[in-house]
Amino acid sequence: MSTEKEECFKKHTVDLSDYQMVDFREYERYVNKTVVVVLKSLQFLYGSLKSYDQYNNISLNFTTQRIFHENTYAEKNLGLVSVRGENVVVIAVAEFDLDGLEKVEYNHLETKLLKYLDDVNK
1 MSTEKEECFK KHTVDLSDYQ MVDFREYERY VNKTVVVVLK SLQFLYGSLK SYDQYNNISL
61 NFTTQRIFHE NTYAEKNLGL VSVRGENVVV IAVAEFDLDG LEKVEYNHLE TKLLKYLDDV
121 NK
């Protein structure tokens, strides 16, 4: 990710310092299920939960990253992904209902979304 993109995502992260982390044992019910993971950077990862540890670190297989803006979405296949537990905001069983949304090219939508986020925070 370019430095400009990294800086933009840092400005739009969620502060979790006042929230209690989910107990790692609660992840057991999600193993080998398709889940959605929302990260502090407001990224959405969809994949099959393969493993977790006592620090809430997780591994996802067949992972797809999706971004949404207005009535469009885009996705990028990531494959096997490891996520540090401190970056996880939410994990839940994924339901795919993309009806009514237009699928567009990932880089185009990412650029549009980052510009929108910058404009909103000026």
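All residue numbers for the sequence shown refer to full-length UniProt numbering, where the first residue is 1 and numbers rise by one. All C-beta atoms in this analysis are idealised placements derived from N, C-alpha and C, irrespective of residue type, glycine included.
Task: Pairwise C-alpha distance: F62 and E95 - done: 15 Å
Task: Euclidean distance between Cα positions of Q54 and R25 - done: 8 Å
Open item on the list: Considering only their Cβ atoms, is the gap separating Y27 from L42 smaller than 8 Å?
Closed with: no
Open item on the list: So, for A74: in the same chain, excluding its five sequence neighbours on each side, which residues have a beta-carbon less than 6 Å away from its beta-carbon?
Closed with: I67, V104, Y106 and L109
Task: Three-state secondary structure assigned by DSSP to L60 - done: strand
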